[in-house]
Amino acid sequence: MRIATFNINGIKARLEALLQWLGECKPDVALLQELKSTDEAFPAEPIEALGYNVATHGQKGFNGVAILSRHPIEDVVRGLPGDDGDEQARWIEATVCGDGRPVRVVSLYLPNGNPAPGPKFDYKLAWMARMRDRVGDILATEEPTVLAGDYNVIAQPEDAEFPDRWLDDALFRPESRAAFRRILYMGLTDAFRVRHRGKGHYTFWDYQRGAYQENNGIRIDYALLTPQAADLLEDAYIDAHIRSRERPSDHVPVVIELRDRG
DNA sequence: ATGACTACGCCACGTAGA
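Take 0 as the starting number for the first sequence in numbering that gives the first Met the number 0 and just add one per residue.
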């Protein structure tokens, strides 16, 4: 089963690019972030025409996450549990049953948190504490689960081309990295790092100053796997080449391959 | 360098992203 995560930075602005990429990558499941669209305005029809079922959790103008799947989408949970007053659409999870075993998938868009310090940074850290509680519940199910999306955290210096430029940024602050580690060390596996080591592997490049041409990027999109999912991992890679296309997202997809049987 | 891009809301620049 091929599962991809992709922060598309606006579904309406990116529809053609998304359809082209779906046709080329052919993921069984695509986890999308930053729809910047309500559920009503989400252009489901051209996506369904490519053979995908669609579950969205949208919001007007900002945020918004979705799950696309060739197989039926079941047991959908919209919104990160733990705060009924949180209006921001940053979390959707569901079970997808492929030809083999069922897999639980989460599409998440972790808050940016800038400027730090400040209320947005406080929201980021509170959101990560809430995510930690949810991950605990997910781990207890012992279902193979993929938690993928835009984590908005540069986990290690090697995840940035110029880490010294990010020292005061909410993506690289010690508090953000510690909160990311607290989640990871509950027993999750960073799928990409199973297959690739070292610097130079990025999922985001700023639109400004020719960042992509200089590979001035950061790795902030991750697929984290529960132990039962990590046991199924066959491959993980970044689809970086589509960043050089016309009107691209500032993020690129991260793709993993899970064994269907065995 | 209070800069620079890009998308969105809803037609004028302000907010947000990272």
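Don't be surprised by glycine CBs; every beta carbon is placed ideally from N, CA and C.
These numbers come from a predicted model, not from an experiment.
By the CB criterion at 8 Å, V64 and I91 fall inside the cutoff.
In this model, E47 and L67 are separated by some 9 Å (Cα to Cα). The three-state reading of DSSP puts T225 in coil, since its state is none of H, G, I, E or B. Cβ contact annotation for Q212 (same chain, cutoff 7 Å, sequence separation greater than five): none. With a 10 Å radius around the Cβ and a threshold of 16 neighbouring Cβ atoms, L34 comes out buried. The beta carbons of L109 and V152 sit about 7 Å from each other, so the pair counts as a contact at 8 Å. When C-alpha distances from K11 are compared across L30, A43, G22 and Y184, the shortest belongs to A43.
Taken through DSSP and simplified to helix, strand or coil, V134 comes out as helix. Taking C-beta atoms as the reference points, V102 and V75 fail to come closer than 8 Å. G84 sits in coil when the DSSP states are folded into three classes, being neither helix nor strand. Taking C-alpha positions only, N52 is separated from D98 by approximately 16 Å.
Under the three-state reduction of DSSP, R77 is assigned to strand. The region 110-130 and the region 198-210 do not touch, with fewer than three beta-carbon pairs separated by less than 8 Å.
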